[in-house]
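Residue numbers (my numbering): 2 to 570.
The beta-carbon is built from N, C-alpha and C at its ideal position, and this holds for glycine as well.
Beneath this line is the structure, given in structure tokens, with notes to follow.
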């Protein structure tokens, strides 16, 4: 702690800004609330006096604020600050905070309450807290289930260190959001200038050679091993380390449908698709690398495979029910563990390696042929097939170092299979509830301004997003996106479940499918027109490529483009 002299008029707002500066936050993502006047005053003073502070983003919806922090954190992997309003703002943003928890993104989320309700000397917090905004137990109590850590700052003198502690907890594995309730009275209280010490990146933990050597021997003895991963690419260096590990041992890699980011090049000969099913009876060794939920149903155990779990925190505290069937754990920094295992790829049974290499070459060739076949069929189909949209996007993004953020449901497998991202931090799937995609893509763009960012999204998910507020953020902070809507005019996944649960029910008999029809929505691209954005609605295959070319050109020139593609399924 530093007993540095305090500037005249400094209060809890200065303490908070100083704390976020100390923890290395690049941005404060704020959805405004009446408690943040002390923070705004501190920022205004610092801007006037040329003092350092995080950049402030003035956003008009809680989901946009949290979602942008999530997207930024997916790329930068460092905690940022998020300011919401009281308990209602926290509740409004809670879905996105939960999404950040699932995505493993560090951030410090704060909102406020009143502790005196105007019954004490000093500044009057306002009657709205007494009548409307407060919640029993405080907002830190309601934040507890969807954050890593949740607490209240009870003194202005401990506020900076509380922020530092929250950021340090958020940054450590498993990374995720921490919440700090900061009462308005604390923000208004005089501050003595004691600052938080800047935080540093977490130290890494490592599996010992005594733990790694037996696993290397298990791999050496395996005839038909497979790697299954969901989030290896989320770790710093994890994508590259997984490639080196798989290549060193010649082991196929499966990215199941539950994968939340790009972990391995989908064009690589060792990429074995998204289906773990064929391996459940064939594999004799399954290496779960950052894989929280590999089997579904969870009780579906592989028939003969031993299972090695490679994960810094394999038992995720926020996962309600988790079954891994582990025979051995390697806990510690995943990239380092994979590098250790790659170095041990010696004295291999070349005959066994040749057999599995040949088998994987056959699988890879069959998959590539199936992809080509599906794309040929889509190109010849009536109307616009979703496969054609994904394949066209892949072709147009080739060589551009693009990033795809995906918030489709029905078409998520199509996007992964046919866009075929093959570089680190080039694909992210939005976690948690629908309605965050545009904001997450904006945050990704904020972190990677030089790269084109494409959001693929369904029409149902699009309708859940705070579209107007997201467009406002895009325009205000010059964050151009390509928003590509797969519009089938229906909540397809909901309709599929209805048909699956009641194949011969009343709805099947009468054709009354409730809860699914989206034909009544207006042209989705039109909402972007008041913001001066590039908009297109595409309903014929011949118009698809020119429309996407124009849209990408608009994005490159600094304008968000929304292309609403009317797909056939």
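Around the C-beta of residue i, are 16 or more other C-beta atoms found within 10 angstroms, so that it is buried, or is it exposed?
i, result
"residue 50", "exposed"
"residue 367", "exposed"
"residue 502", "exposed"
"residue 264", "buried"
"residue 520", "exposed"
"residue 120", "exposed"
"residue 267", "buried"
"residue 568", "buried"
"residue 77", "buried"
"residue 341", "buried"
"residue 140", "buried"
"residue 396", "exposed"
"residue 515", "exposed"
"residue 318", "exposed"
"residue 541", "exposed"
"residue 581", "Nothing in the structure corresponds to residue 581, since the chain is present only between 2 and 570."
"residue 168", "buried"
"residue 99", "buried"
"residue 146", "exposed"
"residue 272", "buried"
In the DSSP output, which residue or residues are listed as bridge partners for residue i?
i, result
"residue 178", "108"
"residue 59", "31"
"residue 124", "None; residue 124 has no bridge partner."
"residue 565", "486 and 538"
"residue 307", "286"
"residue 262", "429"
"residue 226", "286"
"residue 329", "309"
"residue 470", "Answer is none; residue 470 lacks a bridge partner."
"residue 385", "568"
"residue 84", "31 and 111"
"residue 533", "Answer by DSSP bridge pairing: none, since residue 533 is not bridged."
"residue 408", "458"
"residue 276", "Note: residue 276 sits in no beta bridge, so no partner."
Helix, strand or coil for residue i? Go by DSSP, reduced to three states.
i, result
"residue 49", "helix"
"residue 268", "coil"
"residue 7", "Below a pLDDT of 50, predicted positions are generally treated as unreliable, and residue 7, at 44, falls in that range; the measurement from the model is reported next regardless. If DSSP states are grouped into helix, strand and coil, residue 7 belongs with coil."
"residue 206", "coil"
"residue 364", "helix"
"residue 150", "strand"
"residue 345", "coil"
"residue 555", "helix"
"residue 438", "helix"
"residue 576", "This structure gives no information on residue 576, because the portion of the chain shown stretches from 2 to 570."
"residue 350", "coil"
"residue 2", "Below a pLDDT of 50, predicted positions are generally treated as unreliable, and residue 2, at 34, falls in that range; the measurement from the model is reported next regardless. Residue 2: coil per DSSP, three-state reduction."
"residue 220", "helix"
"residue 399", "coil"
"residue 241", "helix"
"residue 12", "strand"
With a Cβ-Cβ cutoff of 8 Å, do residue i and residue j count as a contact?
i, j, result
"residue 242", "residue 336", "yes"
"residue 457", "residue 416", "yes"
"residue 103", "residue 432", "yes"
"residue 561", "residue 494", "no"
"residue 194", "residue 442", "no"
"residue 187", "residue 13", "yes"
"residue 123", "residue 97", "no"
"residue 228", "residue 290", "yes"
"residue 322", "residue 299", "yes"
"residue 420", "residue 391", "yes"
"residue 528", "residue 468", "yes"
"residue 394", "residue 482", "no"
"residue 301", "residue 320", "no"
"residue 17", "residue 185", "no"
"residue 463", "residue 525", "yes"
"residue 388", "residue 370", "no"
"residue 225", "residue 364", "no"
"residue 32", "residue 66", "yes"
"residue 204", "residue 106", "no"
Does the Cβ of residue i lie closer than 7 Å to at least one heavy atom of the ligand FMN?
i, result
"residue 343", "The model depicted lacks the ligand FMN and carries no ligand whatsoever."
Specify whether the stretch 210-221 and the stretch 79-86 touch according to this definition: at least 3 beta carbon pairs, one from each stretch, less than 8 Å apart. no
Touch check for the stretch 400-408 and the stretch 425-443: three-plus C-beta pairs under 8 Å? yes
Would you check if there are 3 or more beta carbon pairs closer than 8 Å linking the stretch 548-564 to the stretch 468-483? yes
Inspect the CB distances between the stretch 221-237 and the stretch 59-71 and report whether three or more fall short of 8 Å. no
If we count Cβ pairs, one from each stretch, closer than 8 Å, do we get three or more for the stretch 242-253 versus the stretch 320-339? yes
Tell me, please, whether the stretch 270-282 touches the stretch 251-260 by the rule of three or more beta-carbon pairs shorter than 8 Å. yes
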